[in-house]
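Q: The numbering used here runs 6 ahead of the 1-based position in the sequence shown.
My questions all concern the structure below.
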Amino acid sequence: MSAPRVTLYGKPGCHLCEDARAIVDAVCAELGVGWTEVDITTDAALMAEYGEQIPVTFVDGRQHDFWRVDPARLRKALTK
């Protein structure tokens with residue numbers, strides 16, 4: 007499998023992150039696209055940058071969304 011195209015930044019115990027994880031997992035599985043998750047609590051710089059915006063999703067290295075993941079918008083970004 008190629009490198010993950012989607013990165014989800016979040017932290018444990020975040021209910022929005024759990025919702026985002028389910029959507030990212032479903033859309034990526036549907037399209038055969040790899041994804042990865044980064045726990046921002048393991049990196050002070052990531053906590054400072056994204057602590058108030060999580061979950062934050064990146065597609066192909068560029069910020070795509072924060073707080074909520076729209077499945078249709080994510081699907082569109084991955085199929086263009």
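For each residue, glycine too, the CB sits at the ideal point set by N, CA and C.
Are residue 40 and residue 10 touching if we call contact CB-CB under 8 Å?
A: For the purposes of this step, residue 40 is taken as the residue at position 34 of the sequence shown. For the purposes of this step, residue 10 is taken as the residue at position 4 of the sequence shown. Yes, these two residues count as a Cβ contact at 8 Å.
Q: What distance in whole Å lies between the Cβ atoms of residue 61 and residue 34, which are believed to be in contact at a cut-off of 8 Å?
A: The sequence position of residue 34 within the sequence shown is 28, counting from 1. The sequence position of residue 61 within the sequence shown is 55, counting from 1. About 14 Å; that fails the 8 Å criterion.
Q: Are there 16 or more other CB atoms within 10 angstroms of the CB of residue 49, so buried, or fewer, so exposed?
A: Against the sequence shown, residue 49 aligns to sequence position 43. That one is exposed.
Q: May I have a chain-ordered list of the beta strand (DSSP E) segments no shorter than 3 residues that lie completely inside the segment 20-55?
A: For the segment 20-55, whole beta strand (DSSP E) runs of length 3 or above, ordered along the chain, are 41-45.
Q: Would you list the one or two residues that DSSP bridges to residue 13?
A: Stepping through the sequence shown from its first residue, residue 13 is reached at position 7. DSSP, once it has assigned bridges, lists 42 and 64 as partnering residue 13.
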